[in-house]
Amino acid sequence: MIPVFGRNDEADQESPHPRRPGFGLRGPRHLRHRVALDELAAVGVPLGDDGVVIGTDAQKQPAVLGLSRRTAYDVLLIGGLWTAQVLALRAAGTGARVAVETGRAHVWTSLVRAAGAEQQCITMHDVGQVPSLGPSSSSPVIIIRDCGMKPPRGRVTSAPWQSVVTLLPYLSPAAPRLLQTSSLVGIQRVSPDEAAHLSRTMRLPREETETLSTLGDGVTLWCTRKDRYYSLTTPTDAEAGLLGTARRLD
878 MIPVFGRNDE ADQESPHPRR PGFGLRGPRH LRHRVALDEL AAVGVPLGDD GVVIGTDAQK
938 QPAVLGLSRR TAYDVLLIGG LWTAQVLALR AAGTGARVAV ETGRAHVWTS LVRAAGAEQQ
998 CITMHDVGQV PSLGPSSSSP VIIIRDCGMK PPRGRVTSAP WQSVVTLLPY LSPAAPRLLQ
1058 TSSLVGIQRV SPDEAAHLSR TMRLPREETE TLSTLGDGVT LWCTRKDRYY SLTTPTDAEA
1118 GLLGTARRLD
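The numbering used here puts the sequence shown at residues 878 to 1127.
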């Protein structure tokens, strides 16, 4: 007879849950989980958009920007530095690597230091000096370009899992090109003349065109040529402590 180490036949016979070779003791028995056909309607799994929560919409629901995509994605924000910085913080909070390309490092330094700690989740680069960042589905990249009224063409462009957000304080000679190539446009308070120009380019209805010159601080109209929605960005306590309250002008 070949000895089997650790086996106790008498114990197995006495145990209410005899051992099975290779599987250990039998576990407790439970009824199978079953749902009657008329109960299926009550079973639901909450699903929502995946991305950066930039604020709340008109129905007080989270307004989400899906910036990490498997295809190249360009966003134009005609608005204030404050909103761009909140976007950077929240994007980093989702696990994306954020690269800020800017010609005014002094307005970004405190944010980069506060957010990066030792992990450098937000990095800062001079205009035209953003290196190749190796985006992937497990490590997406968001580049925020704060390069003034006439941003040069970026050395690093949008790509799969690498989105580019360009900040324009106001309309400029670069705006027509950026409006044409951007997949999404965010518009904050602008002058009536700028609103009229944006209306023609983005095909905005008259009511929304008139509203653009009266938008409050923190309010953004996010639009494509087909869809539009407003969002209100309200800072968290940590964001307010670092960036202050919402403002359109820097």
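Think of the CB as a built atom: it goes at the ideal place given N, C-alpha and C, for glycine as much as any other residue. As the structure is a prediction and not an experimental result, all values here were calculated from the model.
| Query | Result |
| --- | --- |
| Where P1046 sits in the DSSP three-state scheme | coil |
| Neighbour-count burial assignment, G1095, 16 or more Cβ in a 10 Å radius | buried |
| 6 angstroms Cβ shell around R930 - same chain, five flanking residues per side excluded | According to the sequence displayed, residue 930 carries Val and not Arg. These residues qualify, in order along the chain: P939 and V941. |
| Cβ pair I1020, V1004 closer than 8 angstroms | no |
| Extent of the continuous beta strand (DSSP E) to which H983 belongs | Note, H983: premise wrong, no beta strand (DSSP E); not H, not E. |
| Residues near A935 in its chain [Cβ-Cβ closer than 8 angstroms; skip 5 each side] | Y1106 and Y1107 |
| Top-ranked residue by Cα proximity to T1101, from V1062, G1121 and D1127 | V1062 |
| Distance CB(A982)-CB(V975) smaller than 8 angstroms | no |
| Helix, strand or coil at L1144 according to DSSP, with G and I counted as helix | Lying outside 878 to 1127, the shown extent of the chain, residue 1144 is not represented and no answer is given. |
| Assumed close pair I955, L1048 - CB separation to whole angstroms, cut-off 8 angstroms | 7 angstroms |
| Rounded C-alpha distance that separates A1123 from P1112 | 7 angstroms |
| Integer-rounded CB distance, given that G943 should sit under 8 angstroms from D1127 | That belief does not hold up - the Cβ atoms of D1127 and G943 are roughly 27 angstroms apart, past 8 angstroms. |
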